[in-house]
């Protein structure tokens, strides 16, 4: 073999190695780009663009419930709820918490890995549980453990459209290693949304059915926006409190938990007193996305 042919084969080999390396780097860069959306903002609880999208979607979905709601309140972003969600998301624990806070807030969780998913896509998935819900009460879509840990779930939906829940704060965190039902997920994107006042009260419907805005609380002054009870900023007090929660009142003699077996009688609507919700251990699951709701 002549020197010219030898040099040609050597150059061809180097070119193939370089092409293979470039392909590997390209595949790695595609995966890294999924994480960069969140990792580049690791010092923030949630990117502003995602925050705006999540809030707008909440209000859009709340205004479109069927049957229509007569007392659905406009939802606003709460920085205190965002900070509490951020604190929990940083723990990278696939469970609801912290326990002392759950007495006064509602909480929806989601986690995924792989291709990019916006936080709003998880919010939409929570709402899509409506297909398994029959107004006004959740009978068949609230699995309870350990007796029955499978089946349809709709408590994310009911928290999202709980009429008197008018504040939300969410956070996103990328967990290097996260234990999800005994499996270790690397670079898991964890979404936590906290709600106040909390919803999913036992024995109550998420909202009243009727003409939109026809039964708004007096504090809204008759304001209505996109089928939601709305208070114009000019009407709000100068120093409005944030993250105010309704203290739960417990009366176990009059209310039946949603998580009771089907053999027991169905709960009836009782506006007062309210019993503190129970934690539902069941979490719905698909290939790469998991959801959990504290109720």
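Numbering (mature numbering (1 follows the signal peptide of the UniProt record, and there is no 0)), first residue to last: -22 to -1, 1 to 273. Glycine is no exception: its CB is placed at the ideal position from the N, C-alpha and C atoms.
Take the alpha-carbon of residue 50 and the one of residue 36: they are about 12 Å apart.
Looking at the DSSP output, residue 206 shares a beta bridge with 203. Take the alpha-carbon of residue 69 and the one of residue 163: they are about 14 Å apart. Contact between residue 156 and residue 141 is absent: CB atoms are separated by about 34 Å, not below the 8 Å threshold. When DSSP assignments are scanned along the region 101 to 173, the uninterrupted stretches of beta strand (DSSP E) that are 3 or more residues long and fall wholly within it turn out to be 145 to 158. For residue 26, the closest of 190, 158, 182 and 150 by C-alpha to C-alpha distance is 150.
For residue 85, the enclosing beta strand (DSSP E) covers residues 84 to 90. Checking the DSSP bridge columns, you'll see residue 47 partnered with 187. The region 61 to 78 makes no contact with the region 184 to 196; the number of CB pairs closer than 8 Å stays below 3. It is roughly 27 Å from the alpha-carbon of residue 47 to the alpha-carbon of residue 57. Ranked by Cα distance from residue 87, the options 173, 204 and 199 are led by 173.
Here residue 102 is exposed, its C-beta having fewer than 16 other C-beta atoms within 10 Å. Around the beta carbon of residue 161, a 10 Å sphere encloses fewer than 16 other beta carbons of the protein chains shown; the residue is thus reported as exposed. Rounded to whole angstroms, residue 92 and residue 152 show a C-alpha spacing of 12 Å. About 20 Å separates the beta carbon of residue 148 from that of residue 42, a gap too long to meet the 8 Å contact definition. Annotation for residue 58: the continuous alpha helix (DSSP H) segment containing it runs 57 to 67. In the DSSP annotation of this structure, the continuous segment of the alpha helix (DSSP H) that includes residue 27 starts and ends at 26 to 41. Contact between residue 110 and residue 119 is confirmed by a C-beta separation of about 4 Å, below the 8 Å threshold.
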